[in-house]
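Working notes, structure below.
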Amino acid sequence: MTQTVGLIGYPLGHSISPVFQQAAFDHLKLDVRYELWETPPEKLEDVVKGIRSAYILGSNVTVPYKEDVIPMLDELNEIASDIGAVNTIVKKDDKLVGYNTDAEGFIRALEVEGGFDPEGKSVTMIGAGGVARAIGFSLVKSGIKSLKLFDIDIERADNLVSDLKCSDITVLKSNKSSEYEDAVSSADLLINCTPIGMTHSNSEGQSPVAQELLSARLMVYDVVYNPIKTPLLEMAESMGAGILGGLSMLVYQGVAALELWTERRAPVDIMMQKARSAL
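Each residue of the sequence shown is one higher than the one before, counting from 46 in the numbering used here.
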């Protein structure tokens, strides 16, 4: 019997997750179909209940439901509980267990694709939304030295800081200040967790950081994956910095999810190749 995994969200638009996930299932010779489950709010509870069906392995969860699904699940793993968001549901016996593979996906991408170990490093992060929460928790767990955080919504930044257990963490109040400039130029790792620079967005072609603040000592990570190389990454590369784009995090969170559903090692190279070709 063909088994099924789905992506729950609304709207889903042109998600590339089915492309690289289906390629992985096919490579592993598993009779599994990856589907898009576009779910309006009034149908969410029914769709989550449906995961208990015998032929369904689990699901991915994307915006706007990463928090909404939590009360509908039986258990959360530790990192999902800490972050307060679920992006992967796994059916284990008669229970639905929520995971957050965004956190693991970021660290695996950073270490494997970027060759960067965040332990003991100084990090500056722009943005404090959902993705930033997952990344922030993963960085603290990895043993970073310090974290400086900026978001145009200061309250949101303060809330994230209060949840993160990091001994050296600072909220930057303005992106026009010398403190902000120092935080960027002196960091070991700079992370953009905003949509600035995303294709078809209002900020397409823009960068959240001025080029003169970038240098060869930096590792620059941009969670935006379309375009593959954002204006920020292009500028950073021209200054000699190490760069890594958001497609790596997207694929590696998918890798972690697939390994949870199947208990098989995911074919990372094939998934990355298919993801790149889908953009």
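No residue lacks a Cβ here, since even glycine has one placed at the ideal position from N, Cα and C. In this text, all values refer to a predicted model and were calculated from it rather than measured experimentally.
* Simplified DSSP assignment, three categories, for Val92 -> helix
* Local conformation of Gly326 per DSSP, three classes -> Any answer about residue 326 is impossible in this case: the structure gives the chain only from 46 up to 324.
* Classification of Tyr100 by the beta-carbon crowding that lies within 10 angstroms, buried from 16 upward -> By the beta-carbon neighbour count (other beta carbons within 10 angstroms, threshold 16), Tyr100 is exposed.
* **Inside the stretch 125-166 only - alpha helix (DSSP H) runs reaching at least 4 residues** => 146-153
* **Run of the beta strand (DSSP E) containing Thr215, from where it starts to where it stops** => 214-217
* To do: Out of Lys218, Pro86, Val300, point me to the one whose CA is closest to Leu57's CA.
  => Pro86
* Just reading off the beta strand (DSSP E) that Lys35 is part of, what are its end residues? -> Here the chain comprises residues numbered 46 to 324, so residue 35 is not present and cannot be evaluated.
* To do: Use the C-beta contact count for Gly196: other C-beta atoms within 10 angstroms, 16 or more gives buried, fewer gives exposed.
  => The question names Gly, but residue 196 in the sequence shown is Asp. By the neighbour-count rule (16 or more Cβ atoms within 10 Å), Asp196 is buried.
* Asked: Does the count of Cβ pairs from the stretch 107-121 and the stretch 274-281 closer than 8 Å reach three?
  -> no
* Asked: Does the beta-carbon distance from Val269 to Pro240 come in below 8 Å?
  -> yes
* Asked: Is it buried or exposed for Gly165, if we count other Cβ within 10 angstroms and need 16 for buried?
  -> exposed
* Indicate whether Val168 and Ile124 have their beta-carbon atoms separated by less than 8 Å. => no
* Flag this pair as touching only if the stretch 146-159 and the stretch 288-308 have three or more C-beta atom pairs under 8 Å; answer yes or no. => yes
* To do: Can you tell me which of Arg309, Ser207, Ala301 puts its alpha carbon nearest to the alpha carbon of Gly143?
  => In this structure, Ala301 is the residue among Arg309, Ser207, Ala301 with its C-alpha nearest to the C-alpha of Gly143.
* Pick helix, strand or coil for Ser246, following the three-state DSSP scheme. => DSSP places Ser246 in coil when its eight states are reduced to three.
* So what does Trp1 bridge to, in DSSP terms? -> Lying outside 46 to 324, the shown extent of the chain, residue 1 is not represented and no answer is given.
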